[in-house]
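Novice:
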Amino acid sequence: MLDLPFLPFSIFLGGLGFMCVAFVSAWCQHWRGGFALDGGLQMFNWHPVLMVTGMVVLYGAAALVYRLPPAWSGPKLPWKVLHGALTLAAFSLAVLGLVAVFRFHNNHGTPNMYSLHSWLGLATVLLFSCQVGAAPAPLHPGSLLHARRPHLPSLQWLAGFSAFLLPWAPAWLRALYKPVHVFFGSTILMLSVASCVSGINEKLFFSLRNGTTDYKCLPAEAVFANTLGVLIILFGVLVLGALARPSWKRPDADSPDSCQVPAPLR
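Mapping to the numbering used here: the sequence shown position 208 is 208, numbers consecutive.
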């Protein structure tokens, strides 16, 4: 990789994430009719916006919290809290995005969970739930919005909470669980990117099939949405590249600077 300092890279990546959110919002506002909460087509438009914002941009930002140079020294607890807050915000937006698409499908009699995009997307969110909180208990798709969903405690979340957030967690437990947490974090990001790109493609096929210009003729909407897909892929690749770069990782030294809580003053 190019020997690029992290600060300009992070600024570029932040701008790229902002572009992803701006592009998906502009696509839904300009070509798909805007947003609403009435269960109609405009409510569906919340689905791509919330998923791109949460599952890609916020999730990518959460993954890179420990790459920030200020996080390399001093107590880790504030950065753990920031990482957890960003991850929880991303998960919350993902759940709202699922609510939007399921409500739209149920109101219009559209079958749920029949496409590869839907399988991949739901699998990604369920895997994500294992990282941040409680996994939703399975229900029939038609009843998703008509009943309270019980939540089953996630063993992976409990392990992550015990290993990384609690100040008294032993070092051996953190060392044992960290590779698992990192692996699944990167996997979820890759699946999120794949889900978003497949969803954009699926939406274009459905929307332009009955339009004035077919998708194969590459109308302006298709060019814009395809560009959005490229931006999402680029964002995901750069985040994974930053995670894999050894020189940007926080040193794991057994010193007061790497403790979870501040060392006592002497």
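Cβ coordinates follow ideal geometry from the N, Cα and C atoms, glycine included.
Please list the segments of the alpha helix (DSSP H) lying wholly inside the segment 201-244, counting only runs of 4 or more residues, in order along the chain.
Specialist: 220-244
Novice: Buried or exposed: where does G241 fall if 16 or more other Cβ atoms within 10 Å of its Cβ makes it buried?
Specialist: exposed
Novice: Determine the DSSP secondary structure at G17, reduced to helix, strand or coil.
Specialist: helix
Novice: Which residue marks the beginning of the alpha helix (DSSP H) containing V95, and which one marks its end?
Specialist: It spans L77 to N107 - the alpha helix (DSSP H) in which V95 sits, taken as one unbroken run.
Novice: Helix, strand or coil: how does DSSP classify P153 here?
Specialist: Caution applies to P153, whose pLDDT of 39 falls short of 50 and renders its modelled position unreliable; the model cannot decide the point.
Novice: How would you call V57, buried or exposed, if buried means at least 16 neighbouring beta carbons within 10 angstroms?
Specialist: buried
Novice: Could you check what DSSP says for D257 in three-state terms: helix, strand or coil?
Specialist: For D257, the predicted model reports a pLDDT of 40, less than 50, meaning its position is unreliable; a value from the coordinates is still stated below. Of the three classes helix, strand and coil, the one that applies to D257 here is helix, per DSSP.
Novice: Is L120 near S25, with beta carbons less than 8 Å apart?
Specialist: Cβ distance not < 8 Å, so L120 and S25 don't count as in contact.
Novice: Can you give me the C-alpha to C-alpha distance between W31 and F224, rounded to a whole angstrom?
Specialist: 10 Å
Novice: Say whether the segment 225-235 touches the segment 8-28, bearing in mind that this needs 3 or more beta-carbon pairs closer than 8 Å, one atom from each stretch.
Specialist: yes
Novice: Just the C-alpha distance for L152 and V125, rounded to the nearest angstrom, thanks.
Specialist: Note that L152 scores a pLDDT of 39, beneath 50, so its modelled location is shaky; the value from the coordinates is reported in the next line. Distance between the alpha carbons of L152 and V125 is about 15 Å.
Novice: Rounded to whole angstroms, what's the CA-CA distance from L234 to L77? Just pull it up for me.
Specialist: 31 Å
Novice: Identify which residue in L218, K80 and H47 has its Cα closest to the Cα of F102.
Specialist: Relative to the Cα of F102, the nearest Cα in the group L218, K80 and H47 belongs to H47.
Novice: Whether or not the segment 87-107 and the segment 35-50 are in contact is what I'm after, with contact meaning three or more pairs of Cβ atoms, one per stretch, closer than 8 Å; do they touch?
Specialist: Result yes; three or more Cβ-Cβ pairs closer than 8 Å.
Novice: Beta-carbon within less than 7 Å of T213's beta-carbon, same chain only, minus the 5 sequence neighbours each way: which residues are those?
Specialist: P219
Novice: Taking all protein chains shown into account, decide if V65 is buried (16 or more other Cβ within 10 angstroms of its Cβ) or exposed.
Specialist: buried
Novice: Between the Cα of L127 and those of H181, P251, C20 and S247, spot the shortest distance and give me the residue it belongs to.
Specialist: Among H181, P251, C20 and S247, the Cα nearest to that of L127 is on H181.
Novice: Classify F183 as helix, strand or coil using the three-state DSSP reduction.
Specialist: helix
Novice: For the alpha helix (DSSP H) holding Y59, just list the boundary residues, first then last.
Specialist: Y59 to A63
Novice: Measuring CA to CA, which of C196, W79 and E221 is closest to C20?
Specialist: C196
Novice: Consult DSSP for G33 and reduce its assignment to one of helix, strand or coil.
Specialist: coil
Novice: Of the residues G236, F18 and L68, which one's Cα is nearest the Cα of V49?
Specialist: F18
Novice: Using C-beta distances below 8 Å, list every residue in its chain close to L122, excluding the 5 sequence neighbours before and after it, in chain order.
Specialist: L98 and M113
Novice: Are there any heavy atoms of the ligand FAD lying less than 7 Å away from the beta-carbon of A225, as far as the coordinates show?
Specialist: Within the structure as shown, the ligand FAD is missing, as the structure has no ligands at all.
Novice: Could you give the DSSP three-state label for L120: helix, strand or coil?
Specialist: helix
Novice: If the criterion is Cβ atoms closer than 8 Å, does the pair F269 and S129 meet it?
Specialist: In the structure as shown, the chain begins at 1 and stops at 266. Residue 269 is therefore absent and cannot be evaluated.
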